[in-house]
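Participant:
Numbering (the working numbering), first residue to last: 1305 to 1543.
If you want it as C-alpha cells, here you go:
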C-alpha cells in the first residue's frame, strides 16, 4: 500500500515525506480547509477494533453524502420547474398566433414535441372538432367502460404525473405505449369536462411527480381555451 501511494505522489513530483513536512510546517492547514477532513480516514490507536470517533466520523460522512444527494435532487427539481414555466410561456405566445382548430392542434403538437421533449402525444376529447382538425385526435365516449381506469383522475381534476399503469398507457398511447416510461396526463376543462392531454416520454425521469402540477394545470386550461371556439358540441362533466 505504501509503495502504491509513493508511486502516486511521485508521479506528481511529491513524496509522502514532502506532504508530511508541509503539514508540520503549516499546522493551521485543516483549520483553513475543514472540508478536507470529511474525505480523510484518520485511524486511532485502539487496536484492531474501530474506535468510537472513527465510527462517528463514518456516520457523519454518510449523512453528509445523503444530504448532498438530497440537495442535488432539490436543485434539479427546481430547475425542471423553471424550465416548465418557460416552455408554457412559449406555448402561450405560439397559440396566440395560431389560426383555426388545425392551427391550434399543430402548434400544440409542435411545441410539446420540441420544448417538452415529448416522445408521444395523445389528445382525447369528449367533443368533436371540425373535420379538418380531427387527425391525431381521439373522440371519447362517456359510456366507454375503459374510462373507469381514470376515475380518480376525473374526480380530482388535477394532472397525473409519473409512471402510469400499463393499462392506462395502452388506452392513452395505443401502440406507442410499450415505449413510454413516464407520462403527464393533463385535464382539459374542469374535471376534464372537455377531455385530456397525454404526454409521454421514453425517459423514466422526464415526467416525475415532483413537477409543478399547477403549471401543468395552466397548460391544460390554455389548450382548452384555445380549442373551445372550435368544439362542435358542448361538453358536460366527465365520468
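Think of the CB as a built atom: it goes at the ideal place given N, C-alpha and C, for glycine as much as any other residue.
#1: Once DSSP output is grouped into helix, strand and coil, what is the label at residue 1526?
#2: Let me make sure I understand the geometry here. Which of 1440, 1471, 1442, 1466 has the alpha-carbon closest to that of residue 1454?
#3: Between residue 1394 and residue 1407, what straight-line distance do the alpha-carbon atoms span, to the nearest angstrom?
#4: Taking a contact to mean a Cβ-Cβ separation below 9 angstroms, would you say residue 1505 touches residue 1424 in this structure?
#5: Leaving out five residues before and five after residue 1466 in sequence, what residues of the same chain have Cβ atoms less than 7 angstroms from its Cβ?
#6: Put residue 1466 into one of helix, strand or coil per three-state DSSP.
#7: From residue 1317 to residue 1332, what distance separates their C-alpha atoms?
#8: With C-beta atoms as the reference, is residue 1457 less than 9 angstroms away from residue 1443?
#9: How would you write the range of the alpha helix (DSSP H) that residue 1486 sits in, first residue to last?
#10: Between residue 1415 and the rest of its own chain, which residues show a CB-CB distance below 7 angstroms, the 5 nearest in sequence each way excluded?
#11: Helix, strand or coil: how does DSSP classify residue 1403 here?
Facilitator: Working from what's here:
#1: To locate residue 1526, count along the chain shown from 1; it is residue 222. Helix at residue 1526.
#2: Taking the chain shown and counting its residues from 1, the one referred to as residue 1454 is at position 150. With distances taken between Cα atoms, residue 1454 lies closest to 1471.
#3: Within the chain shown, numbered from 1, the residue matching residue 1394 stands at position 90. Within the chain shown, numbered from 1, the residue matching residue 1407 stands at position 103. Cα to Cα, residue 1394 sits roughly 16 angstroms from residue 1407.
#4: Reading the chain shown from its first residue, position 201 is the one you call residue 1505. Reading the chain shown from its first residue, position 120 is the one you call residue 1424. For residue 1505 and residue 1424, yes; Cβs fall inside 9 angstroms.
#5: Counting from 1 along the chain shown, the entry for residue 1466 is found at position 162. Closer than 7 angstroms at Cβ, skipping near neighbours: 1486, 1511, 1512, 1513.
#6: Taking the chain shown and counting its residues from 1, the one referred to as residue 1466 is at position 162. Three-state result, residue 1466: strand.
#7: Position 13 of the chain shown, counted from the first residue, corresponds to residue 1317. Position 28 of the chain shown, counted from the first residue, corresponds to residue 1332. The alpha-carbon atoms of residue 1317 and residue 1332 are separated by roughly 23 angstroms.
#8: The residue given as residue 1457 occupies position 153 in the chain shown. The residue given as residue 1443 occupies position 139 in the chain shown. Result no, Cβ atoms of residue 1457 and residue 1443 do not sit closer than 9 angstroms.
#9: Here residue 1486 corresponds to residue number 182 of the chain shown, with the count starting at 1. Looking at the DSSP string, residue 1486 is not in any alpha helix (DSSP H); the run it does join, the beta strand (DSSP E), is 1486-1492.
#10: Along the chain shown, read from residue 1 onward, the residue named residue 1415 stands at position 111. Taken in chain order, the residues that qualify are 1394, 1395, 1398.
#11: Walking along the chain shown from the start, residue 1403 turns up at place 99. Three-state result, residue 1403: coil.
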